[in-house]
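These notes are about the structure you will find just below.
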Amino acid sequence: MAPARNLFDLSGRRALVTGASRGIGLAIAEGLAGHGAAVVLTGRKLDTLSAAAEKLRGAGASAEAVVCHQGDPAAIAQLFEQLDRNGPAPEIVVINAATNPVMGPLLNTDLAAWQKIIEVNLTGALITAQHAGRRLVERKRGSLIFITSIAGIDPMPSIPAYSVSKAGLIGLTKALAKELGPAGVRVNAIAPGLVETRFSAALFQDRGGYEQMMRQTPLGRHAQPADIVGAALFLASDASAYVTGQVLVVDGGTRM
Numbered sequence: 255m256a257p258a259r260n261l262f263d264l265s266g267r268r269a270l271v272t273g274a275s276r277g278i279g280l281a282i283a284e285g286l287a288g289h290g291a292a293v294v295l296t297g298r299k300l301d302t303l304s305a306a307a308e309k310l311r312g313a314g315a316s317a318e319a320v321v322c323h324q325g326d327p328a329a330i331a332q333l334f335e336q337l338d339r340n341g342p343a344p345e346i347v348v349i350n351a352a353t354n355p356v357m358g359p360l361l362n363t364d365l366a367a368w369q370k371i372i373e374v375n376l377t378g379a380l381i382t383a384q385h386a387g388r389r390l391v392e393r394k395r396g397s398l399i400f401i402t403s404i405a406g407i408d409p410m411p412s413i414p415a416y417s418v419s420k421a422g423l424i425g426l427t428k429a430l431a432k433e434l435g436p437a438g439v440r441v442n443a444i445a446p447g448l449v450e451t452r453f454s455a456a457l458f459q460d461r462g463g464y465e466q467m468m469r470q471t472p473l474g475r476h477a478q479p480a481d482i483v484g485a486a487l488f489l490a491s492d493a494s495a496y497v498t499g500q501v502l503v504v505d506g507g508t509r510m
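Mapping of the sequence shown onto our numbering: position 42 corresponds to residue 296, and the numbering continues sequentially without gaps.
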């Protein structure tokens, strides 16, 4: 009997993770690197990115930091041009970068704030996926993973504009899965619940809303970035070779 294959082995694969200087993005980058992938971390600030990449290299991983703002189409194009020059195109792409500059009702949402959220969270994600997807189609394999949110499934009243942008990502996931599937490229999304990061700090300050969410969560706690890593490893690896167009909810049961 042949030995069992390690379905989660990512050795020899290059992975791109956007918004990877901290929080969920960094945790996912660490998880992919820990299973053998060479990772490229992107974000807006070189100092935090470089520190994150150095941390990974210190653990024996292959890690590279590249500054890229997901709200800037020209910067995204330059990112992929740089990746083309210094190695093979990533076959694992995790689109995690996001912003949320406004809270409160949609009827009172400033147009500039709305446009910024959509520009980064949805339009920027599409442009990143376009550049990555063309290269994945050429290779006829690969995994594209969007980080959405349970707010994209059931909008949160405190962050409705953000919720709409994440709902758009779910639609983008399914549309691209149908478009790229014939070329052997898988497209999926992860929808985390409440995760303790600097990005989500305002949600923790709303004690009433936080306590209500915890009452609705069977596991009785919020998530840490490490809780999202297993889902990313599954979707990035051969363990999910026959999975595409899916939204994997990781929320402790909040939205059952």
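Beta carbons are placed, not taken as given, at the ideal position from N, Cα and C, and that holds for glycine.
**Prompt:** To the nearest whole angstrom, what separates the beta carbons of histidine 476 and valine 449, a pair I think is in contact under 8 angstroms?
**Reply:** 7 angstroms
**Request:** Would you mind reading off the limits of the alpha helix (DSSP H) that contains alanine 319?
**Result:** For alanine 319, there is no enclosing alpha helix (DSSP H); the enclosing beta strand (DSSP E) covers residues 317-321.
**Asked** Rounded to a whole number of angstroms, what is the C-alpha to C-alpha distance between valine 501 and lysine 309?
**Response** 30 angstroms
**Request:** Can you have a look at phenylalanine 458 and say buried or exposed, based on whether 16 or more other CB atoms are within 10 angstroms of its CB?
**Result:** exposed
**Request:** Give a yes or no on contact between the stretch 379-391 and the stretch 473-492, applying the rule of three or more CB pairs nearer than 8 angstroms.
**Result:** no
**Prompt:** Just checking my contact of asparagine 350 with threonine 451 at CB under 8 angstroms: how many whole Å lie between their CB atoms?
**Reply:** That pair is no contact at about 11 angstroms.
**Prompt:** If you follow the beta strand (DSSP E) that serine 412 is part of, which residue opens it and which one closes it?
**Reply:** From DSSP, serine 412 is part of no beta strand (DSSP E); its letter is neither H nor E.
**Prompt:** Per DSSP, isoleucine 401 is paired with what?
**Reply:** Ile444
**Message:** Quick check on methionine 510: buried or exposed, where buried means 16 or more other Cβ atoms within 10 Å of its Cβ?
**Reply:** So methionine 510 counts as exposed.
**Request:** Apply the 10 Å Cβ neighbour rule to arginine 440 and answer buried if 16 or more other Cβ atoms are within range, or exposed otherwise.
**Result:** buried
**Asked** Are the Cβ atoms of arginine 395 and glycine 425 separated by less than 7 angstroms?
**Response** no
**Prompt:** Based on the DSSP output, what are the partners of threonine 296 in its beta bridges?
**Reply:** Val320
**Prompt:** Between the Cα of alanine 421 and the Cα atoms of Ile372, Asp326, Ala329, which residue gives the shortest distance?
**Reply:** Ile372
**Prompt:** Near alanine 307, what residues of its chain come up, given a Cβ to Cβ distance below 7 angstroms and the 5 sequence neighbours on each side ignored?
**Reply:** Leu295, Ala317, Glu318, Ala319
**Prompt:** Which of the three DSSP states, helix, strand or coil, is assigned to glycine 462?
**Reply:** helix
**Asked** Is the CB-CB distance between alanine 480 and alanine 281 below 7 angstroms?
**Response** yes
**glycine 396, DSSP secondary structure in three states** = In the structure shown, glycine 396 falls within a strand segment according to DSSP collapsed to helix, strand and coil.
**Request:** Please work out which residues of its chain come closer than 6 angstroms, Cβ to Cβ, to isoleucine 401, disregarding the five sequence neighbours upstream and downstream, and give them in chain order.
**Result:** When the five nearest sequence neighbours on each side are left out, the beta carbons in the same chain lying within less than 6 angstroms of the beta carbon of isoleucine 401 are those of Asn350, Ile444, in order along the chain.
**Message:** Just to confirm the assignment, what range does the beta strand (DSSP E) spanning alanine 269 have?
**Reply:** 268-271
**Message:** Which complete beta strand (DSSP E) runs does the stretch 450-506 hold, if anything under 3 residues is left out?
**Reply:** 501-504
**Asked** Starting from isoleucine 371 and walking both ways along the alpha helix (DSSP H), at which residues does that stretch end?
**Response** Going by DSSP, isoleucine 371 is part of the alpha helix (DSSP H) stretching over 365-372.
**Message:** Using a Cβ-Cβ distance cut-off of 7 angstroms, determine whether glycine 462 contacts chain C.
**Reply:** Given the protein chain composition of this structure (a single chain), no chain C is represented.
**DSSP three-state assignment for isoleucine 407, whether helix, strand or coil** = Coil at isoleucine 407, not helix or strand.
**Reduced DSSP secondary structure (H/G/I, E/B, other) of valine 418** = helix
**Asked** According to the neighbour-count rule (16 or more other Cβ atoms, all chains shown, within 10 Å of its Cβ), is glycine 266 buried or exposed?
**Response** exposed
**Request:** For my contact list, alanine 269 and valine 348 are in at a C-beta cut-off of 8 angstroms; report their separation, rounded to the angstrom.
**Result:** 7 angstroms
**Request:** Pull up the distance between the alpha-carbon of glycine 447 and that of serine 403, whole angstroms please.
**Result:** 6 angstroms
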